[in-house]
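Participant: Protein sequences, first through last, are from chains A and B.
Heads up, the first sequence is in the numbering used here, so the first residue is 164 and it goes up one at a time.
Heads up, the second sequence is in the numbering used here, so the first residue is 294 and it goes up one at a time.
The beta-carbon is built from N, C-alpha and C at its ideal position, and this holds for glycine as well.
A single structure is presented below for examination.
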Amino acid sequence: MKTYRICVIGGHCGVRMIVVAEHLQELLRNAGYICEVTHQSLWDHPTPPYAANLVLELLPAFTEAEAGCPVINIKPLLRDLDHPQIIDQVLKHVQASFSLVSTQSTR
Amino acid sequence: MLSTLDEDFGNPSSMHWAGRRAGILITQARAEVAAGIGSRPEEIYFTSGATEADNLALFGVLRQYRPGDAHLIISAIEHHAILHAAAQLVREGYDVTILPVDSDGHVDPQSVRQAIRSETVLISVMLVNNETGAIQPVEEIGAIAAEHGILMHTDAVQAISNLDVNVHNLNVHLLSLSGHKVYGPKGIGALYIGKGVRIMPVAYGGSQEKGLRPGTENIPGIVGLGAAFRFAQNHKAEERKRQAQLRDHLIMGLRARIPQVVINGPSEKVAPHVVSASFLGSDGEMMLIRLNAEGIAVSMGSACTSKSIEPSHVLTAMGLPREQIEGTLRISLGYPTTESELDRFLEVIPAVVQRTLS
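Written out as structure tokens, the structure reads:
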């Protein structure tokens with residue numbers, strides 16, 4: 164079974180980026196989705212994340228063509244970790260794409 | 294300055310020849326700094342920077358009184374060295390009034406007059422704001438303070454490199470300075486304390502700086518500060534004019550290329566070396582990252598904390614909406630800045646703004 168990889172992209176607000184990533188990981192786990200949620204600071208790595216299935220951006224960094232996967236702007240989570248529309252958008256996207264990715268067999 | 298790390302390594306507190314040589318270097322630097330602000334050399338007290346100078350001014354004056362017996366007036370756009378020191382004084386039981394500013398970022402002297410109470414002992418208003426370049430009416434506020442027998446302090450860090458600063462014309466009793474804002478070394482600054490002004494130290498342990506700033510002197514820093522002041526005295530008039538032209542060139546270029554740009558702060562009574570520009574709809578930090586990748590160094594108008602994005606307290610005090618602040622860049626000019634560097638920035642910025650719309 165393949166791991167569903169989500170990458171949270173942030174900037175100088177490193178602590179906040181980690182908090183957001185951990186919060187989303189827990190939220191998705193509670194919803195029944197075991198995902199690998201990583202984070203990447205653009206100050207350290209300005210290039211698109213490697214092998215992500217979904218990129219969640221706290222800053223408007225990459226287009227979907229650059230990221231090679233869907234990109235969602237989650238900037239409102241900087242102020243509100245449980246921002247309803249953003250959480251809903253992320254959950255719906257994971258719901259729709261999780262099984263497609265996680266049921267693919269790996270060698 | 295380099296010689297103080299080698300042949301002039303003496304400690305000025307020592308009585309031998311090496312110590313005396315170091316002492317002479319301090320005396321020379323003190324005279325150079327004093328000449329830069331129109332004071333007497335003996336009114337200059339070296340510190341580790343402007344933050345320490347600001348702290349020394351506020352705590353040194355207020356703590357001579359019992360909490361409840363002394364009142365401080367500051368403005369909402371002061372540097373955190375003042376704001377945080379004032380917050381500590383509040384915790385210690387002192388009263389502090391924080392004055393608002395207008396939409397240009399200027400303090401109204403009449404608001405100072407209205408805030409004065411019988412127990413007001415100190416007013417502190419910065420000379421030039423570090424984010425907008427707004428020049429504050431310190432001379433007028435100082436005159437009001439003098440009418441009431443109140444001490445007047447100004448943080449003049451942002452003024453020294455370009456403006457003519459004279460403590461007597463400004464009507465101030467205390468004035469803070471920093472080395473690196475005038476192209477001197479980091480980790481050195483000074484507090485001007487006018488003759489007859491009584492303040493108490495915030496640290497104890499030696500008789501250096503007449504006991505007001507004990508501890509072995511930072512000789513390389515002090516010598517560097519003196520040299521920087523001498524350099525600034527010789528160049529500031531010419532630089533003021535040149536940087537004002539560069540600032541106009543930058544603002545005109547931004548307006549011509551980016552219709553949604555808003556220049557924050559005043560168009561008059563403004564120092565030439567700062568431009569605060571809001572790119573409506575763009576993300577400040579993403580602009581910073583993309584400009585950084587192009588080799589261009591600017592700052593932004595908000596900062597991330599572990600809990601949220603904190604918008605600039607200066608722009609907030611001016612009444613700017615949060616969305617505007619989040620798309621704000623602070624572009625600083627200096628003696629080394631050239632027109633071709635600004636042209637390169639102007640060439641790059643439209644694509645950066647477009648690419649960072651959030």
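Can you name the residues of chain A whose CB is closer than 9 Å to the CB of B:A586?
Facilitator: As a first step, residue 586 of chain B must be located in the second sequence, where it is residue number 293. Here the neighbours are P209.
Participant: What is the residue span of the beta strand (DSSP E) that B:G482 lies within?
Facilitator: Within the second sequence, residue 482 of chain B is the residue found at index 189, counting from 1. Residues G482 to I486.
Participant: Kindly indicate the opening and closing residues of the alpha helix (DSSP H) around B:M545.
Facilitator: Here residue 545 of chain B refers to the residue found at position 252 when the second sequence is read from its first residue. Looking at the DSSP string, the run of the alpha helix (DSSP H) that includes B:M545 is I512 to R550.
Participant: Might you give, ordered along the chain, the residues of its own chain that have their beta carbon closer than 6 Å to the beta carbon of B:K534, omitting 5 neighbours on each side?
Facilitator: Walking along the second sequence from the start, residue 534 of chain B turns up at place 241. Closer than 6 Å at Cβ, skipping near neighbours: no residue.
Participant: Determine the direct distance from the alpha carbon of B:Q553 to that of A:V257, and round the result to whole angstroms.
Facilitator: Start at 1 with the first residue of the first sequence, and residue 257 of chain A comes out as number 94. Start at 1 with the first residue of the second sequence, and residue 553 of chain B comes out as number 260. So the alpha carbons of these two residues sit roughly 36 Å apart.
Participant: If we define contact as Cβ-Cβ less than 9 Å, is B:L650 a contact residue for chain A?
Facilitator: Along the second sequence, read from residue 1 onward, the residue named residue 650 of chain B stands at position 357. Cβ-Cβ to chain A under 9 Å: yes for B:L650.
Participant: Would a check of beta-carbon distances place B:I582 closer than 9 Å to chain A?
Facilitator: As a working mapping, residue 582 of chain B is identified with position 289 in the second sequence. So yes, B:I582 belongs to the interface.
Participant: If contact means a Cβ-Cβ distance below 8 Å, which residues of the stretch 443-458 of chain B contact chain A?
Facilitator: Cβ contacts with chain A come from no residue of the stretch 443-458 of chain B.
Participant: Indicate whether at least one CB of chain B lies closer than 9 Å to the CB of A:H202.
Facilitator: Translated into the one-based positions of the first sequence, residue 202 of chain A becomes position 39. Not closer than 9 Å to any Cβ of chain B, the Cβ of A:H202 fails to qualify, so no.
Participant: In whole angstroms, give me the CA-to-CA distance for A:Q203 and B:P604.
Facilitator: Taking the first residue of the first sequence as 1, we reach residue 203 of chain A at position 40. Taking the first residue of the second sequence as 1, we reach residue 604 of chain B at position 311. Taking the straight line from one Cα to the other gives about 23 Å.
Participant: Since A:N236 meets chain B, which of its residues come closer than 9 Å, beta carbon to beta carbon?
Facilitator: Counting from 1 along the first sequence, the entry for residue 236 of chain A is found at position 73. Near A:N236 (Cβ distances below 9 Å), the residues of chain B are S651.
Participant: Can you find a C-beta in chain B that's less than 9 Å from the C-beta of A:A224?
Facilitator: Working through the first sequence from its first residue, we reach residue 224 of chain A at position 61. Yes, its Cβ sits closer than 9 Å to a Cβ of chain B.
Participant: Along chain B, which residues have their Cβ under 7 Å away from the Cβ of A:L205?
Facilitator: Against the first sequence, residue 205 of chain A aligns to sequence position 42. The answer, in chain order, is I582.
Participant: Under 9 Å between the Cβ atoms of B:S396 and B:M611?
Facilitator: Locating residue 396 of chain B in the second sequence gives position 103, counting from the first residue. Locating residue 611 of chain B in the second sequence gives position 318, counting from the first residue. For B:S396 and B:M611, yes; Cβs fall inside 9 Å.
Participant: Short of 7 Å in beta carbon distance, which residues of its chain neighbour B:N304, apart from the five on each side in sequence? Order them along the chain.
Facilitator: Within the second sequence, residue 304 of chain B is the residue found at index 11, counting from 1. Hits under 7 Å: G312, A315 and T509.
Participant: May I ask you to report which of helix, strand or coil DSSP gives B:L298?
Facilitator: Locating residue 298 of chain B in the second sequence gives position 5, counting from the first residue. Helix.
Participant: What beta strand (DSSP E) runs, 3 residues minimum, are completely inside the stretch 421-466 of chain B?
Facilitator: DSSP runs (the beta strand (DSSP E)) wholly in the stretch 421-466 of chain B: 444-448.
Participant: Measuring only the C-alpha atoms, how far is B:I409 from B:T390?
Facilitator: For the purposes of this step, residue 409 of chain B is taken as the residue at position 116 of the second sequence. For the purposes of this step, residue 390 of chain B is taken as the residue at position 97 of the second sequence. Each residue's alpha carbon lies about 9 Å from the other.
Participant: Is the beta carbon of B:P507 less than 9 Å from the beta carbon of B:G499?
Facilitator: The sequence position of residue 507 of chain B within the second sequence is 214, counting from 1. The sequence position of residue 499 of chain B within the second sequence is 206, counting from 1. A contact, by the Cβ cut-off of 9 Å.
Participant: Please classify A:V178 as buried or exposed, where buried requires at least 16 other C-beta atoms within 10 Å of its C-beta.
Facilitator: Residue mapping note: residue 178 of chain A aligns to position 15 of the first sequence, counting from 1. Exposed, by the Cβ-count rule.
Participant: For the alpha helix (DSSP H) containing A:F225, list its first residue and its last residue.
Facilitator: In the first sequence, the residue the question calls residue 225 of chain A occupies position 62. Neither: A:F225 is in no alpha helix (DSSP H) and is coded neither H nor E.
Participant: What does the alpha-carbon distance come out to for the pair B:D457 and B:E424?
Facilitator: On the second sequence, residue 457 of chain B is found 164 positions in, with the first residue counted as 1. On the second sequence, residue 424 of chain B is found 131 positions in, with the first residue counted as 1. The alpha-carbon atoms of B:D457 and B:E424 are separated by roughly 20 Å.
Participant: Under the three-state reduction of DSSP, which class applies to B:E561: helix, strand or coil?
Facilitator: Position 268 of the second sequence, counting from 1, holds the residue named residue 561 of chain B. B:E561: coil per DSSP, three-state reduction.
Participant: Could you name the residues that DSSP lists as bridge partners for A:G173?
Facilitator: As a first step, residue 173 of chain A must be located in the first sequence, where it is residue number 10. Its beta-bridge partners are A:S204.
Participant: Go ahead and pull the three-state DSSP assignment for B:E663.
Facilitator: Residue 663 of chain B is absent from the structure shown; chain B starts at 294 and stops at 651.
Participant: Given 8 Å as the limit, is there contact between the stretch 518-537 of chain B and the stretch 546-566 of chain B, that is, 3 or more CB pairs closer than that?
Facilitator: Touching, yes, given that three or more Cβ pairs across the two stretches are closer than 8 Å.
Participant: Under DSSP, the beta strand (DSSP E) around B:A570 begins and ends at which residues?
Facilitator: Within the second sequence, residue 570 of chain B is the residue found at index 277, counting from 1. B:A570 -> beta strand (DSSP E) spans V567 to F572.
Participant: Taking the C-alpha atoms as reference points, what is the distance between B:Q354 and B:V555?
Facilitator: Looking up residue 354 of chain B in the second sequence gives position 61. Looking up residue 555 of chain B in the second sequence gives position 262. Note that residue 354 of chain B is Val in the sequence shown here, rather than Gln. Whole-angstrom Cα-Cα distance: 40 Å.
Participant: DSSP has B:D388 in a bridge; who is on the other side?
Facilitator: Looking up residue 388 of chain B in the second sequence gives position 95. BP columns for B:D388 point to B:H364.
Participant: Tell me, please, whether the stretch 358-377 of chain B touches the stretch 490-498 of chain B by the rule of three or more beta-carbon pairs shorter than 8 Å.
Facilitator: Output reads no: the stretch 490-498 of chain B does not touch the stretch 358-377 of chain B.
Participant: What would DSSP say about A:V257, mapped onto helix, strand or coil?
Facilitator: Residue mapping note: residue 257 of chain A aligns to position 94 of the first sequence, counting from 1. If DSSP states are grouped into helix, strand and coil, A:V257 belongs with the helices.
Participant: Would you mind giving the Cβ-Cβ distance between B:A378 and B:L351, rounded to the nearest angstrom? I have them listed as a contact below 8 Å.
Facilitator: For the purposes of this step, residue 378 of chain B is taken as residue 85 along the second sequence, with counting starting at 1. For the purposes of this step, residue 351 of chain B is taken as residue 58 along the second sequence, with counting starting at 1. Yes, B:A378 and B:L351 are in contact; Cβ-Cβ is about 5 Å, under 8 Å.
Participant: Would you decide whether A:P167 is buried or exposed? Buried here means 16 or more other CB atoms lie within 10 Å of its CB.
Facilitator: By one-based count along the first sequence, residue 167 of chain A stands at place 4. The amino acid occupying residue 167 of chain A in the given sequence is Tyr; Pro does not appear at that position. Result: buried.
Participant: Taking only three categories from DSSP, how would you classify A:R168?
Facilitator: Here residue 168 of chain A corresponds to residue number 5 of the first sequence, with the count starting at 1. Correct three-state label for A:R168: strand.
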